[in-house]
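Data block below; observations after.
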Amino acid sequence: MPSGGGRVGGLRSSLAPLFNPTRDVYVNRPKFLSHFCKFSFLIVLCLNGSQILAAESPAAVLATGLKNPESVALGWEGRIYVTTLGEFDKDGDGAVMVLAGNTARSFAKGLDDPKGMVFANNALFVADKRGVWQIDDKGQATVFVGVGQFPIRPRFLNDLCADESGTLYVSDSGDLKGGAGAVWRISSDGKVSVVTDTSRVKGLNGPNGLLCDGPEHLLMLDFGSGELQRINLADGKMVRQAAGYPGGDGLARDKNGKLYVSQWTTGEVSVLGRESHAPTQIGKFESAADICLDETHGRLLVPDMKAGTLSEIKLSGIPAVELDERPLDVMIERAFPRLEFNRPLVLTHAGDGTDRVFVASQLGKVFVFGNKQSAARPGVFLDIGSRVRYDDKENEEGFLGLAFHPRFKSNGEFFVYYTTTDKPHTSVISRFRVSKDNLDGADAATEEEILRIPQPYWNHNGGTLVFGPDGYLYIGLGDGGLRDDPQGNGQNLATLLGSILRIDVDRRQSDKHYAVPKDNPFVGRKDARGEIWAYGVRNVWRMAFDRQTGTLWAADVGQDIWEEVDLIERGGNYGWNLREGKHPFGPNGSAPRRDLIDPIFEYHHDVGKSITGGHVYRGKRVPELAGAYLYADYITGKVYALWYDEAKKQVTANRPIAGNVMPVFSFGEDEGGEAYFMTTQGYLFTFAWPPKAHVR
């Protein structure tokens with residue numbers, strides 16, 4: 302699993318992760334400081350390094366009189382620590398300072414030109430001429446690994462970052478003339494091994510800033526060449542990601558994926574907010590050294606070595622950085638409080654003017670009731686529980702999808718997605734019809750199997766069914782399961798897995814109970830299934846059309862680090878398993894490519910670990926939510942409203958909605974466009990404005 306490595310590290314005590322089979326994610330990431338300095342991620346800068354100068358962004362000085370400050374970290378209880386070299390090349394006068402108000406006092410003394418620093422495993426680790434020091438919360442410093450313990454004696458130990466396992470990574474800038482550079486790995490028990498060096502790869506001209514990029518890669522900012530390199534931890538090979546940052550020093554990244562870069566020689570501090578934009582300069586110093594992001598206070602901390610200061614750049618008001626994340630004045634309240642369901646996964650309507658609400662249980666029953674808060678006894682609309690395979694230990698299977706035909710009022714047809722009991726790990730999409738003499742009941746005997754899809758594993762089944770404004774049925778399928786997409790289904794157009802399908806259920810084609818629309822993007826290709834509308838997805842956990850614009854929104858559950866929100870386009874390749882979110886994934890991970898579509902929004906696993914997608918709100922009850930995409934995180938239970946500016950191709954707000962503390966299974970809409978979500982406790986919830994109730 303990834304870490305909040307780097308200046309604040311986020312490297313907690315070594316706790317075994319608790320596996321949550323519901324979504325194939327790790328859920329027991331211990332609580333830690335909410336100040337992130339360097340996280341495991343990748344954002345690729347423009348290759349020419351061009352910059353757009355922002356409006357003057359004044360930096361406020363936090364401390365002066367520091368003797369050659371180099372690195373800054375947030376440590377115990379969020380306190381700010383700074384390394385000071387003292388007189389360069391003079392042994393014993395280096396120190397770690399701690400800020401107390403507007404002054405800095407000595408915390409640890411006797412170091413030799415201390416440089417990079419990371420807070421990890423409840424300790425500060427500092428690189429200097431003698432090796433890597435470990436400093437406890439009393440300021441007691443001991444050499445954790447001396448230079449003599451390296452396989453080859455390092456020349457200029459510089460930056461540090463850490464992953465979640467307890468492993469440290471330290472850059473060796475070599476002779477500062479382009480020679481003898483290296484990046485080293487230090488295990489939690491102090492064993493040192495080389496990641497890469499000048500004997501293995503070309504292009505190491507002065508390794509400096511480091512950033513953990515998931516469990517398999519590092520980002521490295523080269524001081525000499527000004528290049529950002531991505532290093533494969535398995536073989537030490539590098540791939541250039543960006544150039545144009547001479548004197549590159551520090552890297553930091555926020556929870557929404559923005560990358561901050563400092564340059565010592567030019568004094569510039571820049572941010573890349575969106576891949577479609579060039580980096581934006583947000584600060585100018587004499588010699589900006591190693592930076593640290595303090596998200597709790599909305600600031601970037603910058604040591605200026607020549608000026609002897611530590612400053613903060615407030616990030617609010619910077620266009621490339623600012624995102625409205627203020628809590629929304631909307632509350633959550635129980636919907637239909639007299640009703641409870643066992644594992645409710647779908648809430649929808651028939652679109653027939655009756656305003657009925659349908660709730661489907663993962664166990665194979667569909668319930669129906671009138672859209673009144675006093676509803677008490679829902680009827681059973683459909684019961685196919687005996688045909689549905691569900692297992693609490695393999696609980697991504699079961700009854701997963703329900704969609705009513707756009708002409709249900711006249712033809713009585715609806716469609717379901719479920720895991721069948723007649724063959725292991727097999728998904729079925731079937732057509733059913735309502736009973737002729739009972740609109741509140743379906744005839745289970747009318748089942749007509751439309752599509753049968755073998756699944757290699759029990760997880761990543763997807764399962765959303767939704768009709769588009771074009772009248773075609775869209776089907777969300779996962780990559781088939783396990784981890785890493787071992788069969789490569791996401792990038793394989795010859796399989797339906799890892800894709801979003803689009804089929805015509807009103808026509809039949811050859812021996813099929815459906816037809817493939819002629820304008821599907823891969824029709825006629827010998828190496829592709831014509832049913833595929835888009836591909837490269839891991840496990841879309843709920844997708845929905847915006848009833849006003851017709852845009853298809855999808856939430857794709859991540860694996861190692863990132864959860865994402867996608868806008869689905871015809872023929873789009875959404876990158877899995879070459880990319881996760883906006884970042885390369887795995888040993889063969891890809892940098893951004895024109896043929897790969899990145900999400901419009903992502904969030905890090907330090908924020909939440911399993912996205913649950915919802916709907917764009919078009920109801921009337923809560924005007925504050927107009928046009929917002931509602932989604933939640935299954936693990937944290939937090940609910941959000943996200944606004945996207947289509948013209949600017951930019952997310953402008955991601956505002957939390959207080960009130961929920963339960964894992965969120967799924968979202969739904971009623972016929973009027975009002976939004977609901979379902980929880981693991983079997984309750985239904987909706988949104989209220991002005992606030993009426995607060996779930997506690």
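Counting in the numbering used here, the sequence shown runs from 302 upward without gaps.
Every residue gets a Cβ at the ideal spot worked out from N, C-alpha and C, and that includes glycine.
- Here the alpha carbons of L624 and R600 stand approximately 13 Å from one another.
- Among the bridge pairs identified by DSSP, R554 is matched with L560.
- Following the DSSP letters along the chain, one finds N459 in no alpha helix (DSSP H) but inside the beta strand (DSSP E) bounded by residues L458 to A463.
- L783 and T727 have their alpha carbons spaced roughly 15 Å apart.
- In this structure, L794 and Y836 form a Cβ contact; the two beta carbons are roughly 6 Å apart against a cut-off of 8 Å.
- Under the three-state reduction of DSSP output, L926 falls in the helix class.
- A straight line joining the alpha-carbon of F445 with that of D390 spans about 21 Å.
- No Cβ-Cβ contact shorter than 8 Å links V735 with A746.
- Across the set G974, D828, T953 and V729, the C-alpha of G974 shows the shortest separation from the C-alpha of R848.
- Taking C-beta separations shorter than 7 Å and ignoring five residues to either side along the sequence, the partners of Q564 in its chain run Y546, P547, G548, G549, D550 and A589, following chain order.
- Annotation: V866 to E626 spans about 17 Å, alpha carbon to alpha carbon.
- Pairing S488 with G504 gives a Cβ-Cβ distance that is not under 8 Å.
- Per DSSP, the unbroken alpha helix (DSSP H) holding S711 starts and ends at F709 to N712.
- Here the alpha carbon of V729 sits roughly 8 Å from the alpha carbon of I751.
- Residues of the same chain with a CB within less than 6 Å of the CB of T610, apart from the 5 flanking positions on each side, are V362 and T365 in chain order.
- For P645, the beta-bridge partners assigned by DSSP are S662.
- Runs of the beta strand (DSSP E) spanning 3 or more residues and lying entirely within the segment 711-791 occur at 714-720, 727-736, 739-755, 766-768 and 774-777, in chain order.
- Residues T499 of the same chain have their beta carbon placed closer than 7 Å to that of G480, with the five preceding and five following residues left out of the count.
- Residue pairing for Q530: DSSP places it in a beta bridge opposite M521 and R541.
- In the displayed model, R486 falls within a strand according to three-state DSSP.
- For T497, the pairing in a beta bridge is given by DSSP as V484.
- Here DSSP, grouped into helix, strand and coil, assigns H906 to coil.
- Across the set V717, F426 and W854, the C-alpha of V717 shows the shortest separation from the C-alpha of T649.
- Annotation for S612: the continuous beta strand (DSSP E) segment containing it runs T610 to K615.
- Of the residues K673, Q792 and Y932, the one whose Cα lies closest to the Cα of S891 is Q792.
- By the Cβ-count criterion, E947 is exposed, with fewer than 16 other Cβ atoms from all chains shown falling within 10 Å of its own Cβ.
- About 12 Å separates the beta carbons of G432 and F457, which is beyond the 8 Å limit, so they are not a contact pair.
- Closest in alpha carbon position to Q951, among D899, A989 and Y977, is D899.
- The alpha-carbon separation between C462 and V493 amounts to approximately 14 Å.
- Beta-bridge partners assigned by DSSP to V841: D857.
- Under DSSP, the beta-bridge partners assigned to H884 are E881.
- Look at Q849 here: in three-state DSSP terms it is coil, with no helix or strand label.
- The three-state reading of DSSP puts V448 in helix, counting H, G and I together.
- Under the 10 Å beta carbon count, A428 is surrounded by 16 or more other beta carbons and is classified as buried.
- Between the segment 653-672 and the segment 689-709, the count of C-beta pairs closer than 8 Å reaches three or more; the two stretches touch.
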